[in-house]
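In what follows, a structure is listed as structure tokens, so that the remarks can point back to it.
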Amino acid sequence: MAVNEGLTKGARGAPANSDVLTQAALERLPAGAIIANDLGRILTTNARAGELLLRTPASLRKALLADLVLDEDRPLLPARNILPPTTTASTTLRFESLSGPLPMLVSWSPVLFADQDAFLLLMLPAHELVDEIAGLRNDETRWKYALDSALEGVWDHDFETGNLFYSTTWKRLRGLPDDAEVDGSLETWIQNVHPDDHAHVRAAIERQDSGEAVFNTFEYRERHADGHWVWIESRGASVAYWPDGRPSRIIGTDTDITARKEAEARLEEVSRRLRLALGVSKIGVFDFNLDAQRDDWDERMFEIYGLDPSDGPPSSESWENTLHPDDRDKVIARTNEGIASGKPYSNAFRIVRPDGTIRHIRSNAATYIDHLGTRKLIGANWDVTEDIALQEDLRQAQASAEARNRELELARIRIEYNALHDYLTDLPNRRYLDQMLAENVAVNAILHIDLDRFKQINDTLGHQAGDAMLTHAAAILRAHARHDDFIARIGGDEFVILCRRGRNLPQLSELAERIVHAFRRPIPYEGQLCRLGASIGIAWKGHDDFDAKQLLMNADIALYRAKSLGRDRVEAFSEQIQTQILTAKRIGDDIRQAIEEGQFTVYYQPQFDARSLEITGVEALVRWNHPERGVLAPFHFLKIAEEINVLPAIDRKVVELAYADFQSWRRSGFAIPKISVNMSSPRLRDPGLIADLRDLQIAPGVLSFELLESIFLDDPEDEIAETISALGALGIEVEIDDFGTGHASIIGLLNLNPARLKIDRALVGPITESPKQAKLVRAIIDIGHSLNIEVVGEGVETWEHAAMLRDLGCDVLQGYALARPMDRLELERRLRRGWKPVFGTEDK
1447 MAVNEGLTKG ARGAPANSDV LTQAALERLP AGAIIANDLG RILTTNARAG ELLLRTPASL
1507 RKALLADLVL DEDRPLLPAR NILPPTTTAS TTLRFESLSG PLPMLVSWSP VLFADQDAFL
1567 LLMLPAHELV DEIAGLRNDE TRWKYALDSA LEGVWDHDFE TGNLFYSTTW KRLRGLPDDA
1627 EVDGSLETWI QNVHPDDHAH VRAAIERQDS GEAVFNTFEY RERHADGHWV WIESRGASVA
1687 YWPDGRPSRI IGTDTDITAR KEAEARLEEV SRRLRLALGV SKIGVFDFNL DAQRDDWDER
1747 MFEIYGLDPS DGPPSSESWE NTLHPDDRDK VIARTNEGIA SGKPYSNAFR IVRPDGTIRH
1807 IRSNAATYID HLGTRKLIGA NWDVTEDIAL QEDLRQAQAS AEARNRELEL ARIRIEYNAL
1867 HDYLTDLPNR RYLDQMLAEN VAVNAILHID LDRFKQINDT LGHQAGDAML THAAAILRAH
1927 ARHDDFIARI GGDEFVILCR RGRNLPQLSE LAERIVHAFR RPIPYEGQLC RLGASIGIAW
1987 KGHDDFDAKQ LLMNADIALY RAKSLGRDRV EAFSEQIQTQ ILTAKRIGDD IRQAIEEGQF
2047 TVYYQPQFDA RSLEITGVEA LVRWNHPERG VLAPFHFLKI AEEINVLPAI DRKVVELAYA
2107 DFQSWRRSGF AIPKISVNMS SPRLRDPGLI ADLRDLQIAP GVLSFELLES IFLDDPEDEI
2167 AETISALGAL GIEVEIDDFG TGHASIIGLL NLNPARLKID RALVGPITES PKQAKLVRAI
2227 IDIGHSLNIE VVGEGVETWE HAAMLRDLGC DVLQGYALAR PMDRLELERR LRRGWKPVFG
2287 TEDK
């Protein structure tokens, strides 16, 4: 675009000459001219730019150039500070217009304007290029100018000379090298045309080749050199003809319109959504030609005004007659004022429809100039009659509403308060605490309190008793905390104290101990004394840069430690505690891996007839064959296994291994009558327990499960009765382990009807020194025998214990004095040599 050559003298690095860049010089240019600063803000334009963009020069000044260009073409605009002095660049840009995208051929150069760095942008309509080429048929100078200026692919088919010319841009558009040889024959070229476009492309070419069309335009898809499809808009003009009227020379341009096609698809989708939105919102749209005084209404406008669309939109006078007489003058004046100002405006008025009904209308409108330079008014109407009626009702209710405002405000305050406070204790709740933590308030320390024995009270005495305990707990915490401490109930029986003022760790520990001591006092409730307790975890900020959220996590860790050490105590967070918990997590991970890799094995402790010392069975005891630490007893891992909920898997493995060994012993002729296996509460609740046992096809009477008597207190009988019954149906007996230290009742024994009960070692140990303890054991034995239950004495550490238990009537003995737990190979080795304990001889 050579017209800007004389206007770039003021480019960077050249002497500034304000006369060259005057407005008068811009106005003399045949092309549209825009000067913008390096931020893209328009400094000035000529009138031609306004004509091309269908805007006034005044409206273009100070606008952003990027706002005038389609979104997809904005990356083509000159970027800030990238043009070196005297550099000129050019491309094709599509500008926004009310009539649609306007493709322009543009070039820009750096200039100085008003003593600041800027760039000059010159533009011409793209569609004028083909016409210009057709008019410059054989003029070589003008032809060269067209080739140099064109931003589109130029082609020239001179059938008289046989010369087929394709410009560099034409080749680049298709991904071809600049020096590529092009076979322009129809049959060769059309092989790259999309199959779906063959028919209409051939038809278009045939119309032009026959002379039917002097100027021909068509769109199609052509395969790019890298394999993808590009949309091409081809424009061709016949500039010379054979004597028979057929064109002898056709010149044209090809434009890559892929982006435009994609934009059109997106535009169609947006338009579809807009149509749906207008339909749903019931907004009527009008477009009024101010010059021709002609209106265009959509269907919704006719519905709003109650008019017949077949009669066409009303004239200006007819529309004015639809206005309510009381509103007419004001509406007309407002409309005229808005049109005169050229600014968007709104209106609110009433109309009288042909059937006499009055409707309230809201209207927004704005003037614009279309691509033909026609002044138009576009706007929207919507019927707000129901809204007005509602507003009227609201106005009539305003008097009473104002009287209720204070009440509503109080209600709002109550709602907000209730949303952040516990309804029972009136303490802040977890939501309030989270809000405090999110605001990262200044917190010196956090105490996390968990009530002990609360569940027992709640379950035995009812929820009302539980609520009374929680209210009592809140009162204790309020009595011991400072006035600026933040106390919250964050769970069922969990509380938190945020200490805001500086206190050291000894002071915090003293506060926590006082709280724990206060909770130890019995609480009278309906004639009974309830005993709560409290475990407290302390997290102190100290010199560490912990935020409030981290402090809460640390307090939770300390509380976990306190509860794991027996509850009713205080623990302060430390790195050692954190390390211990992390160690427990590591052990938990190792346990999971051990289950997967089969590291758990079974040891066996024989059980003997109290009188004959013959083997009556073996108890299967789980051991962990740790790859680094060796064989580990259950106290090393069972507690953590229970916490991570893998006890059922371990119990399942022990049963499988023990029964496999038992079958092997039977095949080898070893006289072991039966095996017993400890069964945890989680495994007893496992829905897959019975199915797993059926799969093992265990022979009836050879396997018994040892259950802790605490299981029968924790679970109502009807919750486990089905499982116990199913075990009996499989021929698996039930034993009560550690009897005498739990809470099993005589009624529970009758209902369960176990095959055996094992007297806890804590009761067996003192019998050699305490006659009272011996009488207690004798009573347990008598109870068992009276119910036809075999009694096992475990923890037999000495032969004196064995003799006393025998004399007290105990049926079976088990303990270190007779035999220690041993692995399968050791047990089989002893059985092969007919081993049997000898009275008074220590087992080695």
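Remember, this note's numbering sits 1446 above the position in the sequence shown when you count from 1. Using N, Cα and C, we set each Cβ at its ideal position, and we do this for glycine too.
State the start and end residues of the unbroken beta strand (DSSP E) segment that holds residue 2094. No beta strand (DSSP E) contains residue 2094, which is instead part of the alpha helix (DSSP H) from 2093-2114.
TODO: Please work out which residues of its chain come closer than 8 Å, Cβ to Cβ, to residue 2280, disregarding the five sequence neighbours upstream and downstream, and give them in chain order.
DONE: None.
Using 8 Å as the threshold, is the C-beta distance between residue 1799 and residue 1808 below it?
No, Cβ-Cβ distance for residue 1799 and residue 1808 is not below 8 Å.
### Query
In this structure, does DSSP put residue 1834 in helix, strand or coil?
In the three-state DSSP reduction, residue 1834 falls in the helix class (H, G or I).
Under a three-way DSSP split, which group does residue 2060 fall into? DSSP, read as helix, strand or coil, puts residue 2060 in coil.
| message | Between 2124, 1478 and 2114, which has its C-alpha nearest residue 2093's C-alpha? | response | For the residues 2124, 1478 and 2114, the minimum Cα distance to residue 2093 belongs to 2124.
Compare the beta carbon distance of residue 1951 and residue 2004 with 8 Å and say whether it is the shorter of the two.
Their beta carbons are not under 8 Å apart, which means residue 1951 does not touch residue 2004 by this criterion.
- Message: My output table needs one value for residue 2287: the three-state DSSP class, helix, strand or coil.
- Response: Under the three-state reduction of DSSP, residue 2287 is assigned to coil, being neither helix nor strand.
message: Suppose only complete runs of 4+ residues qualify. What are the alpha helix (DSSP H) ranges in the stretch 2021-2065, listed by chain order?
response: Counting only runs of 4 or more, we get 2021-2043.
Could you say which of 1785, 1999, 1861 and 1829 lies nearest to residue 1822 if we only look at CA atoms?
Minimum Cα distance to residue 1822 is reached at 1785.
Checklist entry - Nearest-angstrom Cα distance between residue 1484 and residue 1775? => result Whole-angstrom Cα-Cα distance: 50 Å.
### Message
Which residues does DSSP list as the beta-bridge partners of residue 1935?
### Response
In the DSSP output, where bridge partners are listed per residue, residue 1935 has 1941.
Note to self: Under 8 Å: do the stretch 2066-2076 and the stretch 2033-2051 share three or more Cβ pairs, one atom per stretch?
What the structure shows: When Cβ pairs closer than 8 Å are counted between the two stretches, the stretch 2066-2076 is seen to touch the stretch 2033-2051, the count reaching three or more.
| As assigned by DSSP and simplified to three states, the class of residue 1728 | Taken through DSSP and simplified to helix, strand or coil, residue 1728 comes out as coil.
Checklist entry - Can you tell me whether DSSP reads residue 2228 as helix, strand or coil? => result Residue 2228: helix per DSSP, three-state reduction.
Note to self: Cutting at 6 Å between CB atoms, please list the residues of its own chain near residue 2239, excluding the five before and the five after it.
What the structure shows: The beta carbon of residue 2239 sits closer than 6 Å to the beta carbons of 2205, 2210, 2251, 2256 and 2259 from its chain, once the five residues preceding and following it are set aside; these are given in chain order.
Which parts of the stretch 1944-2001 are runs of the beta strand (DSSP E), unbroken and 3 residues or longer, counting only runs that do not cross its ends? Here the runs fully enclosed are 1969-1971, 1974-1976 and 1979-1986.
Under 7 Å Cβ to Cβ from residue 1927, same chain only, skipping five residues before and after it: list those, please.
Cβ within range, chain order: 1933 and 1943.
If you run the structure through DSSP and keep just helix, strand and coil, what is residue 2244? DSSP places residue 2244 in coil when its eight states are reduced to three.
*Determine the DSSP secondary structure at residue 1611, reduced to helix, strand or coil.*
Residue 1611 falls in the strand class under three-state DSSP.
- Message: Using DSSP's beta-bridge definition, name the partner residues of residue 1562.
- Response: Bridge partners of residue 1562: 1559.
Just to confirm my understanding: we take residue 1971, look at its own chain, exclude 5 residues before and 5 after, and list those with CB closer than 6 Å. What are they?
Around residue 1971: 1911 and 1914.
### Query
Quick one, which of 2227, 1980, 1479 and 1836 has its alpha-carbon nearest residue 1963's?
When each option's Cα is compared against that of residue 1963, the closest is 1980.
query = Is it right to say residue 1827 is buried, meaning 16 or more other beta carbons lie within 10 angstroms of its own, or is it exposed?
reply = In summary, residue 1827 is buried, with 16 or more beta-carbon neighbours lying within 10 Å of its beta-carbon over all protein chains present.
Starting from residue 1651, follow the alpha helix (DSSP H) in both directions and report where the run begins and ends.
Membership of residue 1651 in the alpha helix (DSSP H) is indicated by the continuous run 1644-1655.
- Query: Just the Cα atoms here: how many angstroms apart are residue 1623 and residue 1499?
  - Reply: Straight-line Cα distance between these residues: approximately 35 Å.
Just to confirm my understanding: we take residue 2119, look at its own chain, exclude 5 residues before and 5 after, and list those with CB closer than 7 Å. What are they? Same-chain partners within the cutoff: 2062 and 2063.
- Item | Distance between residue 1496 and residue 1781 (C-alpha atoms, nearest Å) | Distance between the alpha carbons of residue 1781 and residue 1496: 26 Å.
Span of the alpha helix (DSSP H), counted from its first residue to its last, around residue 1748
That run of the alpha helix (DSSP H) goes 1745-1751.
Exposure label - residue 2263; buried when at least 16 CB within 10 Å
With 16 or more other Cβ atoms from the protein chains shown falling within 10 Å of its own Cβ, residue 2263 counts as buried.
**Cut-off 6 Å between Cβ atoms - residues of its own chain near residue 1999, not counting five sequence neighbours on either side** = Closer than 6 Å at the Cβ level, and outside the excluded window around residue 1999, lies no residue.
**Study point:** Which listed residue (1638, 2198 and 2030) has its alpha carbon closest to that of residue 2182
**Key:** When each option's Cα is compared against that of residue 2182, the closest is 2198.
Opposing strand residues paired with residue 2154 [DSSP bridges] = DSSP links residue 2154 through a beta bridge to 2183.
Through-space distance from residue 1797 to residue 1759, alpha-carbon basis:
Roughly 15 Å separates the two Cα atoms.
(Q) Quick check: the Cα distance between residue 2055 and residue 2232, rounded to an integer number of angstroms? (A) Answer to the nearest angstrom: the Cα atoms are 19 Å apart.
| Cα-Cα separation between residue 1856 and residue 1872, rounded to whole angstroms | About 17 Å.
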